[in-house]
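Below is one structure, written out as structure tokens; the observations come after it.
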Ligand SMILES: Cc1cc2nc3c(=O)[nH]c(=O)nc-3n(C[C@H](O)[C@H](O)[C@H](O)COP(=O)(O)OP(=O)(O)OC[C@H]3O[C@@H](n4cnc5c(N)ncnc54)[C@H](O)[C@@H]3O)c2cc1C
């Protein structure tokens, strides 16, 4: 077991961070938005091979890229094109960015659809891949930190490319992606909040000197730190159960995380001038994906305790 | 980054499990475990069990070979800890010897002290207790009042300690005493528990018997040669000692075992499949325990790499406690009869964990340390 990044992994992380640091500033025109997706930044990451890490190096490296890009203020689509799609469909070249949706939600607003070139549909047992024609997509306004769009007409799934039996793998890597993305965004949001509570003075002392603030930040920090390793373990092991666990843990922590971070940033955290929402409302948008907390938790239970019940005593009617 | 066990580690775990299978008495689960690991029965039994583990070379995997260990990385010590805890901790109190008392003696003890104590610890047949807390000095340990006055080549100790687990059966006490007026004037004495002037009383509590003891010291004479380190050096030694203890208990391992047992019972009762909320909560608990596992392994990994102690050790306890607390609640919701004779193993699990946020440094103090030393938040 080794919890440290290898030199190569560290170099990968450093390189992603360097690109993101060079592209950290939101354009003036995007300052007061709910979400900022920069196609040039997305292309830069793709052209430099970072979104191809799953194929060129491996899943843990792809998960690291998801984790790092999630720290950016910009919404970058690394989760599906960089991790979920190549791990689910290793022999298929997809045009990214990629949007991902469960079949029953096809008529609803879909995360990343307005920037996507490909749509993957989780059809239960199978996965269907469709090209996205932006002329067929309308943008949907939302406070979530991703671009959302709706398909003008329900697509004909029979016209897409169907990958039989790939649904389970898709959901597995989707959960790993959710866990890595939440861990990255949450890390950035916590660090941002720590900086704020250190300098914001109330009653003549920093907000961050109050024990109630400190303790809750520590608890959130613990959840997120553990979540990062659970996500990486799931990427490393390729185990379905590990993916369920990483996803469930990440989603389980959202309620307290969002409450506390918005609380500690006070009124500023509610404004768009401030950056907090870029991370927190990306995290919120992920909360119900891939089965949500109920689906993930029930899957864990089913996998850990698969045998059917054998009642000790046959029940007798009274 | 990788999360697997090596073949050697897998083999070591197999040997530990085999030792448990072969060494534990047939009525271990029925008679010993329900008494709990701090009970007189188990503490006494630990002398036999640990000696047998030592004979198999399994007691001290991470210790230096010249002191009876096998020079293995700390992972092996942790594998041992996981399996022992899961079995109901047949090492009784001796897990402390191996975790921190022995290593502290190896680091700070004189050669005479090492010669006297390390052999017993590595042979697995000596019981220690930890005499730190007092009625008015728990979290604020520096407020301790038990005094040691120098009288020639002896100290004369007066005062009392409380919550001293295993004190009734202990051979030795790792005792903190005040040797001067300032808060920092605290020293460590290694005190034979059969010294004249020591008495132990026990009181009942929510946790099983063996932990809740008060130890009284009345004019107890302790040779100066039994002082560990210099006068006034206790805090730096204790900080080192507790750095070993902080991640001492692999609570995820016992927690998951208890959860498996609980689910087995719920299935046998015919309640499992009909109740998706129960299954949902059990699933989330697995995730919580796995989070605790990751944090604990992270700290072990840091230790293996000899990184300087970080607040991740404190953080791992905070994360573990969340899982443990939720597990107790799960039992209370679905198997309340575990506290009314329904299941001795689950009762033991539940009761051991009642003070999980208190022992070995309270949760609030762990969080203070992480906040201020780890996250750099300002002191009040
Ligand atoms: C089962 C059991 C076994 C034990 N075994 C041993 C043993 O073998 N040897 C030994 O020496 N001791 C032992 N202890 C004692 C244990 O270490 C103490 O109980 C612990 O340090 C807390 O001290 P206290 O009980 O005096 O609580 P207090 O110090 O009175 O604390 C009460 C509460 O106040 C909180 N608090 C205190 N200071 C602060 C602060 N600054 N900010 C916020 N909150 C604060 C604490 O976190 C706690 O929640 C044991 C205790 C138990 C319950």
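Residue numbers (this note's numbering), protein chains in the order written: chain Y, 732 to 1049; chain U, 3 to 382.
Virtual Cβ for every residue (Gly too), placed ideally from N, Cα, C.
Because the structure is a prediction, the values reported are computed rather than measured.
Counting only C-beta atoms, is residue i closer than 7 Å to chain U at any point?
i                      : result
residue 939 (chain Y)  : yes
residue 1043 (chain Y) : Any answer about residue 1043 (chain Y) is weak, because its pLDDT of 49 lies below 50 and its placement is not dependable; what the coordinates show is given next. By this cut-off, residue 1043 (chain Y) is an interface position.
residue 868 (chain Y)  : no
residue 955 (chain Y)  : no
residue 949 (chain Y)  : yes
residue 1035 (chain Y) : yes
residue 1025 (chain Y) : yes
residue 1049 (chain Y) : In this predicted model, residue 1049 (chain Y) has a pLDDT of only 41, less than 50, meaning its place in the structure is not dependable enough to derive any value.
residue 962 (chain Y)  : no
residue 732 (chain Y)  : yes
residue 983 (chain Y)  : yes
Where does residue i sit, in a helix, a strand or coil, going by DSSP?
i                      : result
residue 870 (chain Y)  : strand
residue 7 (chain U)    : coil
residue 958 (chain Y)  : helix
residue 853 (chain Y)  : strand
residue 215 (chain U)  : strand
residue 292 (chain U)  : helix
residue 919 (chain Y)  : helix
residue 879 (chain Y)  : strand
residue 831 (chain Y)  : strand
residue 46 (chain U)   : helix
residue 205 (chain U)  : coil
residue 22 (chain U)   : helix
residue 191 (chain U)  : strand
residue 976 (chain Y)  : helix
residue 751 (chain Y)  : helix
residue 1043 (chain Y) : The pLDDT assigned to residue 1043 (chain Y) is 49, lower than 50, so where the model puts this residue is not dependable, and the model offers no usable value.
residue 933 (chain Y)  : strand
Step through the CB atoms of chain Y and report whether any lies within less than 7 Å of the CB of residue i.
i                     : result
residue 380 (chain U) : yes
residue 297 (chain U) : yes
residue 22 (chain U)  : no
residue 85 (chain U)  : no
residue 300 (chain U) : yes
residue 325 (chain U) : no
residue 277 (chain U) : no
residue 282 (chain U) : yes
residue 159 (chain U) : no
residue 289 (chain U) : yes
Hey, out of the options, whose CA is closest to residue i's CA?
i                     : options                      : result
residue 740 (chain Y) : Y:1000, Y:984, Y:770, Y:794  : Y:794
residue 902 (chain Y) : Y:1010, Y:855, Y:763, Y:1015 : Y:855
residue 223 (chain U) : U:280, U:300, U:153          : U:153
residue 845 (chain Y) : Y:761, Y:862, Y:834          : Y:862
residue 76 (chain U)  : U:174, U:235, U:60           : U:60
residue 865 (chain Y) : Y:878, Y:847, Y:872          : Y:847
residue 242 (chain U) : U:29, U:110, U:63            : U:110
residue 363 (chain U) : U:49, U:244, U:97, U:199     : U:244
residue 826 (chain Y) : Y:818, Y:812, Y:742          : Y:812
residue 200 (chain U) : U:378, U:293, U:344, U:158   : U:158
residue 824 (chain Y) : Y:792, Y:800, Y:849          : Y:849
residue 102 (chain U) : U:28, U:32, U:124            : U:124
Excluding the 5 residues flanking residue i on each side, which residues of the same chain have their C-beta closer than 7 Å to its C-beta?
i                      : result
residue 340 (chain U)  : 333, 348, 349, 352
residue 228 (chain U)  : 191, 192, 193
residue 1058 (chain Y) : Residue coverage of chain Y in this structure runs from 732 to 1049, which leaves residue 1058 (chain Y) outside it and unanswerable.
residue 236 (chain U)  : 178, 188, 189, 190
So who's on the other strand from residue i, going by DSSP bridges?
i                     : result
residue 156 (chain U) : U:153, U:225
residue 161 (chain U) : U:219
residue 862 (chain Y) : Y:849
residue 179 (chain U) : U:189
residue 139 (chain U) : U:136
May I ask you to check if the CB of residue i is nearer than 6 Å to at least one heavy atom of ligand 2?
i                     : result
residue 749 (chain Y) : Absence of ligand 2 from the depicted structure is noted, with ligand 1 being the only ligands included.
Of all Cβ atoms in chain C, is any one closer than 7 Å to the Cβ of residue i?
i                     : result
residue 232 (chain U) : Of the protein chains in the structure, Y and U, none is chain C.
Apart from the five residues on each side of it in sequence, which residues of its chain come closer than 8 Å, Cβ to Cβ, to residue i?
i                      : result
residue 1035 (chain Y) : 972
residue 960 (chain Y)  : 734
residue 920 (chain Y)  : 988, 992, 1007, 1010, 1011, 1014
residue 376 (chain U)  : 312, 313, 314, 316, 317
Output needed for residue i: all residues of its chain with C-beta closer than 6 Å, excluding positions within five of it in sequence on either side, in chain order.
i                     : result
residue 927 (chain Y) : 996
residue 900 (chain Y) : 819
residue 905 (chain Y) : 815, 1021
residue 803 (chain Y) : 751
residue 169 (chain U) : 131, 202, 215, 217
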